[in-house]
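K.L.:
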Amino acid sequence: MMTLSRRRLLTGTAGLLVAGVLRQVLPGNLAFAAPPLAAAVAPSASFRAISVTLTGLEQPDTLLAQRLYSWLHDHVPQLDSQLDTLSTLLQQQPVANGGTLLTLLSTQPKALNDLYQALVSGWYLGVVGPLPRPQCIAFENIVSYQLVRDSLLPPSYAPGQPNFWTQPPARRAHV
Numbered sequence: 003m004m005t006l007s008r009r010r011l012l013t014g015t016a017g018l019l020v021a022g023v024l025r026q027v028l029p030g031n032l033a034f035a036a037p038p039l040a041a042a043v044a045p046s047a048s049f050r051a052i053s054v055t056l057t058g059l060e061q062p063d064t065l066l067a068q069r070l071y072s073w074l075h076d077h078v079p080q081l082d083s084q085l086d087t088l089s090t091l092l093q094q095q096p097v098a099n100g101g102t103l104l105t106l107l108s109t110q111p112k113a114l115n116d117l118y119q120a121l122v123s124g125w126y127l128g129v130v131g132p133l134p135r136p137q138c139i140a141f142e143n144i145v146s147y148q149l150v151r152d153s154l155l156p157p158s159y160a161p162g163q164p165n166f167w168t169q170p171p172a173r174r175a176h177v
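First residue of the sequence shown? That's 3 in the working numbering, and the numbers climb one at a time after it.
1) Pull up the DSSP beta-bridge partners for V130, would you.
2) Would you kindly check if the distance between the Cβ of A67 and the Cβ of S53 is under 9 angstroms?
3) With DSSP run on the structure shown, which of helix, strand or coil describes R151?
4) With DSSP collapsed to three states, give me the class of S83.
5) Just to check my reading of the structure: W125 and L91 have Cβ atoms closer than 8 angstroms, yes? What is that Cβ distance to the nearest angstrom?
6) At the level of alpha carbons, what is the spacing between I144 and L18?
7) I believe Q95 touches L81 by the beta-carbon criterion, under 8 angstroms. Please report the beta-carbon distance rounded to the nearest angstrom.
8) Assuming V78 and L117 make a contact with CB atoms under 8 angstroms, what is their CB distance in whole Å?
9) How is the alpha helix (DSSP H) around V54 delimited, first residue to last?
10) Counting only the same chain and skipping the five closest in sequence on each side, list residues whose C-beta sits under 7 angstroms from that of T102.
11) Among L88, L127 and P45, which has the Cα closest to the Cα of S108?
12) Counting only beta-carbon separations shorter than 9 angstroms, does G14 have a partner in chain B?
13) Within 10 angstroms of the Cβ of F34, are there 16 or more other Cβ atoms? Answer buried if so, exposed if not.
14) From the DSSP output, in three-state form, read off T109 for me.
15) Please state if the CB of Q148 and the CB of T55 are separated by a distance shorter than 9 angstroms.
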């Protein structure tokens, strides 16, 4: 049972007072804003087809697809025509042979090679954009984790319930 001391009462009251003042001073959308979602730009059919080809998944993650396409839409000029060209190249060359595909892409314009690298990086790493300031668009739903989710947990994910490490481990009989 928790006892209420004067110190706890004053600390709680001061916290509520500060929260109330901040709520009045700051606009509501800044004080308690959720992380911004990707812009409402619908991925094109060629983007979806290329994504299925590159990921090997029948239905790649919808939110990651939206974020990746929105980033590409904002940063890649003539995105749809480049996606169509890349789609044609991928249909000519099997993706399973990565070395040959990269050699073929190196003979194409740099923008097309950069688009391919951005797509692969976005899907498999959740990171897009050039160094020194790439952007993280996803973490837990990237393709790298989807492919091994039946046997591995993403890094930093605890295998137990919250605070599981505070309890001593169950005793097991040695065999």
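Even for Gly, the Cβ is constructed at its ideal location relative to N, Cα and C.
P.N.:
In this structure, then:
1) Q137
2) yes
3) coil
4) helix
5) No, W125 and L91 are not in contact; Cβ-Cβ is about 17 angstroms, not under 8 angstroms.
6) 39 angstroms
7) Not a contact, Cβ separation roughly 21 angstroms.
8) 6 angstroms
9) A47 to T57
10) Q95
11) L88
12) Of the protein chains in the structure, only one exists, and it is not chain B.
13) Interpretation of F34 is limited by its pLDDT of 48, a score under 50 that renders its predicted location unreliable; the figure taken from the coordinates is listed afterwards. So F34 ends up on the exposed side.
14) coil
15) no
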